[in-house]
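Read through the structure below, which is laid out as structure tokens, and then see the notes.
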């Protein structure tokens with residue numbers, strides 16, 4: 024049952040005073056650090072042992088694809104059996120996979136062997152971010168603090184993507200090519216076990232019957248499918264930027280600055296996330312999502328033509344500023360689209376979509392960098408965001424929130440909380456219709 028939250032103007036201070044919040048926020052922050060280190064750690068290690076960004080991108084992509092495919096299943100199992108039951112074995116398998124990948128890469132194993140280990144490594148990646156978001160949804164229900172919680176989580180994610188890639192790059196370039204993945208495995212183990220130990224704040228388990236399961240599947244919601252495609256575009260920005268920045272800085276003889284440039288990009292994302300959470304929005308979430316993706320597509324347009332490091336840092340900052348509004352609004356829409364019994368699954372579908380887009384972009388950008396030069400990889404974020412914007416413009420009507428009647432009658436849901444969530448978004452939906460006819 025959702026906790027009672029005052030209906031005053033939402034803000035970070037009020038959010039962080041939610042009873043029990045800190046008990047899962049601090050372990051969750053530690054446990055999600057490895058997520059930002061995995062891809063760049065694989066790219067740097069495999070590139071150092073093979074000399075090919077294309078090969079490094081393929082191995083990284085295999086990890087990302089398996090993560091994207093298995094993450095929703097992990098979320099569905101967490102909804103049914105509890106987060107702890109899924110997280111504990113997943114952490115152990117993931118750490119074992121990372122250790123095996125390091126061993127094979129340093130032994131100059133063939134590509135097929137690296138791919139064979141990369142798949143279970145990615146599939147078992149702990150999905151801590153979606154689990155934290157599900158805990159917020161269980162705590163807040165239909166409260167106006169939900170958009171603030173989504174913004175806070177986006178800021179936390181982006182702070183992770185500021186620290187993670189910089190830390191992994193510094194370890195790989197300053198100590199040993201495998202040091203980044205060693206740290207990733209250690210943080211996965213420590214953070215995952217700490218987060219799993221927080222039993223009191225995990226969402227209630229929904230053990231619905233077999234006949235009810237199709238009705239609460241997150242993937243059966245049309246709006247979720249649209250958001251999945253949109254989040255693939257965001258993943259293309261992350262993957263394309265990581266590989267292209269790595270290739271370009273290596274090409275100009277300054278590999279150590281790669282982490283700084285990616286940190287600037289992620290820092291812009293974090294700053295925009297802070298601002299989004301502090302704004303009392305008067306525009307509905309669907310319209311905000313379209314505007315955010317339009318700005319993101321524009322921001323990625325000049326990247327391929329920039330070779331000067333200061334200009335590239337400035338352009339990366341602008342791209343980062345445009346990502347946070349898209350991510351935050353997409354995650355906020357989940358609360359109005361999906362029944363409570365399927366929200367962890369929905370969040371993991373979106374996280375998996377980002378990972379899949381990132382993996383595909385890493386592969387494509389790596390191949391382009393090998394064949395046409397390092398700057399050509401920046402075309403991947405442009406293509407990904409442009410396609411995502413096209414899908415959103417075409418299918419935006421599918422992002423309309425559920426009605427209170429449907430929510431109250433959905434199996435495995437808390438009728439009062441879900442009805443409140445739907446009605447809380449109804450005013451935004453009506454405002455969007457009025458603005459569209461203005």
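Numbering (this note's numbering), first residue to last: 24 to 461.
A virtual CB, placed ideally from N, CA and C, is assigned to each residue, including glycine.
| query | result |
| --- | --- |
| Residues near residue 274 by beta carbon distance below 7 angstroms, same chain, minus five either side | 397 |
| Nonlocal neighbours in the same chain, by C-beta distance under 6 angstroms from residue 125, ignoring five residues either side | 201, 204 |
| Whole-angstrom distance between residue 92 and residue 108, CA atom to CA atom | 19 angstroms |
| Exposed unless 16 or more other CB atoms sit within 10 angstroms - verdict on residue 131 | exposed |
| Residue 65 - DSSP class collapsed to helix/strand/coil | helix |
| 8 angstroms contact criterion, which residue 408 and residue 260 should meet: CB distance rounded | 6 angstroms |
| 8 angstroms Cβ cutoff met for residue 83 and residue 117 | no |
| Assigned exposure category for residue 327 - 16 Cβ within 10 Å defines buried | buried |
| Test item: CB-CB of residue 34 and residue 301 under 8 angstroms | yes |
| contact_flag[the segment 323-340, the segment 55-62] where n(CB pairs < 8 angstroms) is 3 or more | no |
| Residue nearest to residue 95 in terms of C-alpha spacing, selected from 48, 78, 150 | 150 |
| Best match in 155, 391, 119 for proximity to residue 366 [C-alpha to C-alpha] | 155 |
| Residue 277 classed as buried or exposed, judged by whether at least 16 other C-beta atoms fall within 10 angstroms | exposed |
| Whole runs of the alpha helix (DSSP H) within the segment 245-270, excluding any shorter than 4 residues | none |
| Cutoff 6 angstroms; reference residue 181; Cβ partners in own chain excluding five residues on either side | 289, 292, 293, 296 |
| Three or more C-beta pairs below 8 angstroms linking the segment 191-199 and the segment 98-115 | no |
| Distance CB(residue 370)-CB(residue 157) smaller than 8 angstroms | yes |
| Residue 353 and residue 335 closer than 8 angstroms at C-beta | no |
| Residue environment, residue 159, which counts as buried when at least 16 other CB atoms sit within 10 Å | buried |
| Whole-angstrom C-beta distance between residue 173 and residue 267, which should lie under 8 angstroms | That pair is no contact at about 28 angstroms. |
| Backbone CA spacing between residue 269 and residue 320 [nearest angstrom] | 22 angstroms |
| Residues near residue 71 in its chain [Cβ-Cβ closer than 6 angstroms; skip 5 each side] | 200 |
| Straight-line Cα distance separating residue 216 from residue 176 | 20 angstroms |
| Buried/exposed call for residue 228, threshold 16 Cβ in 10 Å | exposed |
| Neighbourhood of residue 133 by C-beta distance below 8 angstroms, restricted to the same chain and skipping five residues each side | none |
| Pick from 390, 394, 225 that is closest to residue 43, judged by C-alpha positions | 225 |
| Alpha helix (DSSP H) segments (min. 4 residues) lying fully within the segment 163-224 | 169-197, 202-219 |
| Three or more C-beta pairs below 8 angstroms linking the segment 342-358 and the segment 305-313 | yes |
| Alpha-carbon spacing of residue 58 relative to residue 420, whole angstroms | 33 angstroms |
| Other residues of its chain near residue 137: CB distance less than 6 angstroms, five sequence neighbours each side excluded | 82, 127 |
| Whole-angstrom C-beta distance between residue 241 and residue 368, which should lie under 8 angstroms | 4 angstroms |
| Coil, strand or helix - residue 439 by DSSP | Note that residue 439 scores 39 on pLDDT, short of 50, meaning its location in the model is unreliable; the coordinates nonetheless yield the value given after this. In the structure shown, residue 439 sits in a helix (DSSP, three-state: H, G or I). |
| Minimum C-alpha distance to residue 344 - residue among 208, 191, 287, 413 | 287 |
| Whole beta strand (DSSP E) elements within the segment 304-387, 3-residue minimum | none |
| Beta-carbon separation (whole angstroms), residue 384 vs residue 263, contact threshold 8 angstroms | 4 angstroms |
| Burial state of residue 404, where buried means 16 or more other Cβ atoms lie within 10 Å | buried |
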